[in-house]
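Residue numbers (the numbering used here), protein chains in the order written: chain A, -17 to 362; chain B, -17 to 362.
We treat Cβ as the ideally placed atom computed from N, Cα and C, and that holds for glycine.
The structure displayed is predicted, hence computed values, not measured ones.
All remarks here apply to the structure that follows.
2 protein chains.
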Amino acid sequence: MENFIAYNPTTLHFGKNILTSLVTTLKEYGNRVMLIYGKGSVKKSGLYDRIMADLKTQGFEVCEYGGIKPNPVIGDVDAAAEIGRQQKVDVLLAVGGGSVIDSVKIISVTIPVDHGGWDFFTGKAKPVKAIPFIAIPTLAATGSEMNPFAVVSNHAEGLKAAFGGPLTFPKHSFLDPALTLTVPKNHTAYGIADLIAHCFEAWFGIGETSLTDRFVLSIIKEAMDYGPKLLDDLHNYEYRERIMFAATMALNGMTMYGRSTGDWGVHSTGHCLSLLYDVPHGASLTIVFPAWMRHFKGQIGNRIAQLGSGLFGEPLTADESIDRIEAFFKSLGCPIRLSDMNIPGDHRQPLFESMVHSKVNGGNVKMKEEDYKALIELYL
Amino acid sequence: MENFIAYNPTTLHFGKNILTSLVTTLKEYGNRVMLIYGKGSVKKSGLYDRIMADLKTQGFEVCEYGGIKPNPVIGDVDAAAEIGRQQKVDVLLAVGGGSVIDSVKIISVTIPVDHGGWDFFTGKAKPVKAIPFIAIPTLAATGSEMNPFAVVSNHAEGLKAAFGGPLTFPKHSFLDPALTLTVPKNHTAYGIADLIAHCFEAWFGIGETSLTDRFVLSIIKEAMDYGPKLLDDLHNYEYRERIMFAATMALNGMTMYGRSTGDWGVHSTGHCLSLLYDVPHGASLTIVFPAWMRHFKGQIGNRIAQLGSGLFGEPLTADESIDRIEAFFKSLGCPIRLSDMNIPGDHRQPLFESMVHSKVNGGNVKMKEEDYKALIELYL
């Protein structure tokens, strides 16, 4: 095992009608609340009205920022931070998918400073203070509700980057699986793929840690058992519950106990696809992961075979493992080639340039420019 | 799944030479440190001298309380709290096994008040403030280093009781598996049994939660794989590391996600054995668990069979599962009957009276006086 520090101060409230205790929790942080949400699904579902009514009945002063994009951008972060600053808000309430929660993490540390949020991603600034925030996820996917990480795009810079630190954990997250019952089939599938990919990134990191490996296999197997059932029965509460819980566990730190780093090379590669073609995050990962494993199987073949054998319950080679994993992603209805997304044109050069510009690399499996080229050919 | 709240603010520092960052962490809490330890093994091992030297070099003012008993008693808690109160300590440092860490949890909330620590166990008082404390476990067993629970005996009252709340989490715990290399074989085995028993108590609680069940099986299987190897090779760092990590995971909250309660009837029963005959905690559990499963198999037979089948990788009946689990405990060198402890006399009546007096019961599997009698016959 590698030395590690486990720290996760988020209080997770999970289950049916769990939002009934939201206002009591909010009150601990003050009276001026800022509600932040996405492109309108929370309005369509009635969740927005429900929360607003609760807040107003309880005498909170509420301001809001709506319109966070599915691949969130730094412009929204800065605009929302400006409102929060002017309104002197006490606490932020993120209602939506990972894009909203990620954005709110950066908004929370940008409100107290006099510069833009992007400076945290470039390392130009370090957060010193955060406005406390509470997350209400409406999608099971990123695990953002129980970790400090945020991924935000800056199109002017041509970058999609990650940031996170001790200040950017949600204080509380309220997870009611019923809030995910209306997520459409494709985004449900991308969420399942995303949580599995998070486990893969940990698996391919640095550190031999047998119990954590068992945890990682447990989470992936849960997703492989309940994911297909859920896609056949989207309104099934129990399946939504299993997947929502698995998604939180997949990136709350436990998959990293005993490792010094995850890999995250596939995520970095996938970010280029999202940046250039707005490919949904989970879809970018099912496109890149099988190709990445094929390209690097000379180096990590044993680890791939160990993963496949653990997941499918029989001894498999690396090649067989990759084929099975790819087939599973396909069975979810996820793309496994960029061509599955029907984006016309030859994308080799822009993809390559984006990977170079983003300095795409893994924490464990190192990538050079020739790897970029080979990888692109494998997932085109 | 049952609704649940996950909250664990302890920062866990795990690995080789991890104590090198102790003083920096301590400094955050102040300059007046109280060191609390047990019956002298930390002096024999040199750990006491090492920590004292570090603290004095760094200019800390240090007071101490030594002599916490393996089954810790409330008298030591109150005596230590009085010293801490007089010395106006800023932070407590628990160095030892679960008995020391458990005691320090209660000392931390007793120092700020003007009554004894036992009032927290009886519900007569609720803690309002805690002196921050840091744990350095020297034994892999109780998981006390990453949970808020304390079990302490009060011989005047004839009770061994549990308490814990949001204030009694360690702020930090530093786990260096090398500190456990000198734990003797019997106590190493009791620790392994203890961590497995913690998993069992969660398993037999209330709540059908498939992913958490996978986590629980993962932890037990890790202990069953590495436990026997460790007992054959007590100075093997890797095996110590695996068991120490598993012990922490077995009672840090994750085995309870999606459950409304664990059972803990076996622990309550075991506490009577410790109280009356000073049976080591882990040993009391290997004595009681097989008997408890046999007695209640009519009620929880499916769950016992599911446990055994999951652990041993083949379909087993409840009876076969119990036999295998008992055989495993025996293979560790743990007692599986009270008679294995060689305590002369007929213990039926005192055991029964102690169970009645302690109102022994499970959170899920309810026990009546006739169950006490039957259970005692099965484990005598």
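TODO: Identify every run of the beta strand (DSSP E) within the segment 127 to 181 of chain A, keeping only runs that are complete inside it and at least 3 residues long; order them along the chain.
DONE: Counting only runs of 3 or more, we get 132 to 136, 141 to 145 and 154 to 157.
Open item on the list: Using beta carbons (cut-off 9 Å, strictly below), is residue -6 (chain B) in contact with chain A?
Closed with: Yes, contact with chain A.
Open item on the list: residue 125 (chain B) and residue 78 (chain B) - do their beta-carbons sit closer together than 9 Å?
Closed with: Not in contact: residue 78 (chain B) and residue 125 (chain B) (Cβ atoms no closer than 9 Å).
Task: For residue 349 (chain A), the three-state DSSP class (helix, strand or coil) - done: Annotated three-state conformation of residue 349 (chain A) is coil, per DSSP.
TODO: Check whether the segment 183 to 192 of chain B touches the segment 243 to 251 of chain B, counting contact only when three or more Cβ pairs, one atom from each stretch, lie closer than 8 Å.
DONE: Contact check between the segment 183 to 192 of chain B and the segment 243 to 251 of chain B: three or more CB pairs, one atom from each, fall below 8 Å, which counts as touching.
TODO: Could you tell me whether the Cβ atoms of residue 286 (chain B) and residue 300 (chain B) are closer together than 9 Å?
DONE: In this structure, residue 286 (chain B) lies near residue 300 (chain B), with their beta-carbon atoms less than 9 Å apart.
Task: Contacts around residue 20 (chain B), its chain only, beta-carbon distance under 6 Å, and the 5 residues preceding and following it disregarded - done: Only 50, 78 and 82 meet the Cβ criterion.
Open item on the list: Is the beta carbon of residue 127 (chain B) closer than 9 Å to that of residue 268 (chain B)?
Closed with: No, Cβ-Cβ distance for residue 268 (chain B) and residue 127 (chain B) is not below 9 Å.
Open item on the list: Looking at the secondary structure, which residues open and close the alpha helix (DSSP H) in which residue 219 (chain B) lies?
Closed with: Residue 219 (chain B): member of the alpha helix (DSSP H) spanning 219 to 231, first to last residue.
Task: Under 7 Å by beta carbon: chain B residues contacting residue 206 (chain A) - done: Residues of chain B passing the Cβ test: none, with the nearest at roughly 12 Å.
Task: Spatial neighbours of residue 46 (chain A) in its chain, beta-carbon cut-off 6 Å, leaving aside the 5 residues before and after - done: Annotation for residue 46 (chain A): 17 place their beta carbon closer than 6 Å to its own, counting only its chain and skipping 5 residues before and after.
Task: Beta carbon of residue 348 (chain A) nearer than 9 Å to that of residue 334 (chain A) - done: No, the pair does not count as a contact, with Cβ atoms beyond the cut-off.
TODO: Could you please give the first and the last residue of the uninterrupted alpha helix (DSSP H) stretch that includes residue -10 (chain B)?
DONE: Residue -10 (chain B) -> not in any alpha helix (DSSP H); beta strand (DSSP E) instead, spanning -14 to -4.
- [ ] With residue 61 (chain A) as the anchor, note down where its alpha helix (DSSP H) starts and where it stops.
- [x] Start and end: 56 to 68.
Task: residue 17 (chain B), DSSP secondary structure in three states - done: Of the three classes helix, strand and coil, the one that applies to residue 17 (chain B) here is strand, per DSSP.
Open item on the list: In this structure, how does DSSP classify residue 47 (chain A) when only helix, strand and coil are distinguished?
Closed with: Note: residue 47 (chain A) maps to strand in three-state DSSP.
Open item on the list: What would DSSP say about residue 294 (chain B), mapped onto helix, strand or coil?
Closed with: Three-state result, residue 294 (chain B): helix.
- [ ] Would you check if the distance between the CB atom of residue 134 (chain B) and the CB atom of residue 54 (chain B) is smaller than 9 Å?
- [x] The Cβ atoms of residue 134 (chain B) and residue 54 (chain B) lie closer than 9 Å to each other.
Task: As assigned by DSSP and simplified to three states, the class of residue 186 (chain A) - done: It is coil, neither helix nor strand.
Open item on the list: Determine whether the beta carbon atoms of residue 15 (chain A) and residue 44 (chain A) lie at a separation below 9 Å.
Closed with: Against a cut-off of 9 Å, the Cβ pair of residue 44 (chain A) and residue 15 (chain A) comes out as a contact.
- [ ] Please state if the CB of residue 232 (chain A) and the CB of residue 265 (chain A) are separated by a distance shorter than 9 Å.
- [x] In this structure, residue 232 (chain A) does not lie closer than 9 Å to residue 265 (chain A) by Cβ.
Task: Beta-bridge pairing of residue 243 (chain B) - partner residues as DSSP gives them - done: Partner(s): B:188.
Open item on the list: From the DSSP secondary-structure annotation, give me the bridge partner or partners of residue 73 (chain A).
Closed with: Residue 73 (chain A) pairs with A:15.
Task: 8 Å CB neighbourhood of residue 130 (chain A) in its chain, flanking five on each side removed - done: Here residue 130 (chain A) has 87, 146, 147, 148, 149, 150 and 151 as same chain residues with Cβ atoms under 8 Å from its own Cβ, once five neighbours each way along the sequence are excluded.
Open item on the list: Residues in the same chain with beta-carbon distance under 8 Å from residue 142 (chain B), minus the five sequence neighbours each way, listed in chain order, please.
Closed with: Closer than 8 Å at the Cβ level, and outside the excluded window around residue 142 (chain B), lie 53, 133, 134, 135, 136, 253, 254, 256, 257 and 340.
Open item on the list: Distance check for residue 11 (chain A) and residue 192 (chain B), CA to CA, integer angstroms please.
Closed with: Looking at the two C-alpha atoms, the distance is approximately 35 Å.
Task: residue 207 (chain B) versus residue 219 (chain B) - alpha carbon distance - done: Residue 207 (chain B) and residue 219 (chain B) have their C-alpha atoms roughly 15 Å apart.
Open item on the list: By alpha-carbon positions, which one of B:160, B:318 and B:320 ends up nearest to residue 24 (chain B)?
Closed with: Residue B:160 is the option with its Cα nearest to residue 24 (chain B).
Task: Backbone CA spacing between residue 62 (chain B) and residue 89 (chain B) [nearest angstrom] - done: Rounded to the nearest angstrom, the two C-alpha atoms are 7 Å apart.
- [ ] State yes or no: is the C-beta of residue 4 (chain B) within less than 9 Å of the C-beta of residue 113 (chain B)?
- [x] Not in contact: residue 4 (chain B) and residue 113 (chain B) (Cβ atoms no closer than 9 Å).
Open item on the list: For a test of your reading of the model: does the CB of residue 228 (chain A) fall under 8 Å from any non-hydrogen atom of the ligand MG? Yes or no.
Closed with: With respect to the ligand MG, the structure offers nothing, as it holds no ligand at all.
Task: Beta carbon of residue 402 (chain B) nearer than 9 Å to that of residue 167 (chain B) - done: Because chain B spans -17 through 362 in this model, residue 402 (chain B) falls outside it and cannot be assessed.
Task: Nearest-angstrom Cα separation, counted from residue 290 (chain A) out to residue 302 (chain A) - done: So the alpha carbons of these two residues sit roughly 8 Å apart.
TODO: Using 10 angstroms around the beta-carbon of residue 228 (chain A), count the other beta-carbons present and answer buried if the total reaches 16, otherwise exposed.
DONE: It is buried - the Cβ of residue 228 (chain A) has at least 16 other Cβ atoms within 10 Å.
TODO: Let me know if residue 313 (chain B) comes out buried or exposed under the rule of 16 or more other beta-carbons within 10 Å of its beta-carbon.
DONE: Classification for residue 313 (chain B): exposed.
- [ ] Using only alpha-carbon positions, find the residue among B:95, B:35, B:7 and B:29 that is nearest to residue 73 (chain B).
- [x] Residue nearest to residue 73 (chain B) within the set B:95, B:35, B:7 and B:29 is B:7 (criterion: CA-CA distance).
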